[in-house]
Amino acid sequence: MERQQDITLGAIFVALGIAAAWGATSYKGAGGIYPMVLGLLLALFGLFVAFRAVRASSGTERPLMEAPVNLATTVLAGIFFVALVVPLGFYTASFLLMLGLPLALGFRRLPYTVIVGAVFIGIVYLVFSILLEKPLPREWFLTAFGSG
Numbered sequence: 003m004e005r006q007q008d009i010t011l012g013a014i015f016v017a018l019g020i021a022a023a024w025g026a027t028s029y030k031g032a033g034g035i036y037p038m039v040l041g042l043l044l045a046l047f048g049l050f051v052a053f054r055a056v057r058a059s060s061g062t063e064r065p066l067m068e069a070p071v072n073l074a075t076t077v078l079a080g081i082f083f084v085a086l087v088v089p090l091g092f093y094t095a096s097f098l099l100m101l102g103l104p105l106a107l108g109f110r111r112l113p114y115t116v117i118v119g120a121v122f123i124g125i126v127y128l129v130f131s132i133l134l135e136k137p138l139p140r141e142w143f144l145t146a147f148g149s150g
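The structure is reproduced here in structure tokens:
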């Protein structure tokens, strides 16, 4: 039963990824490259899931989720992130997510978390603000202090 579910889920991801990539072809300029790549990656991962299920020889049952508390924590963190993007700005909300989620899930090496968060923010800034020239929601401190 789980094998068929994985094949079906993989096929759904392939279809969604191809649809997203196809839809991104209608975007003007470089703005369509990012969603197209994400769509193609989704399709590729869907193929991987389906292929792995087809090759699986074991019919043993497995739990639907290994750590339901971690799943709930991650979903709540995502909800808080979305709620904080507009009042705080994308970069601040993202950095808080990058700091808070690993800690909430039990990762206790704060220096690594800060470094990964800073690198992530730097990459997002380079991709969206420099490469794609697509502004993200304005940071709260720029609005509060009237600069920028």
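Counting in this note's numbering, the sequence shown runs from 3 upward without gaps. Note that the Cβ used here is the ideal one computed from N, Cα and C, for glycine as well. Computed from a prediction, not measured in an experiment: that's the story for all the values here.
| Check | Outcome |
| --- | --- |
| Leu144 versus Gln6: straight-line alpha-carbon distance, rounded | 51 Å |
| Rounded separation between Ser28 and Gly34 - CA only | 7 Å |
| Start and end residues, alpha helix (DSSP H) containing Thr10 | Glu4 to Ala26 |
| Backbone secondary structure at Pro70 - three-state DSSP | helix |
| From Ala55, Phe83, Leu42 and Ser131, residue whose alpha carbon lies closest to that of Gly19 | Leu42 |
| Local conformation of Arg54 per DSSP, three classes | helix |
| Rounded C-alpha distance that separates Ser131 from Leu40 | 18 Å |
| Cβ neighbours of Leu107 in the same chain (closer than 7 Å, five flanking residues each side left out) | Asn72 and Thr75 |
| Burial state of Ala69 (16 or more Cβ within 10 Å) | exposed |
| Coil, strand or helix - Phe109 by DSSP | coil |
| Reduced DSSP secondary structure (H/G/I, E/B, other) of Tyr29 | coil |
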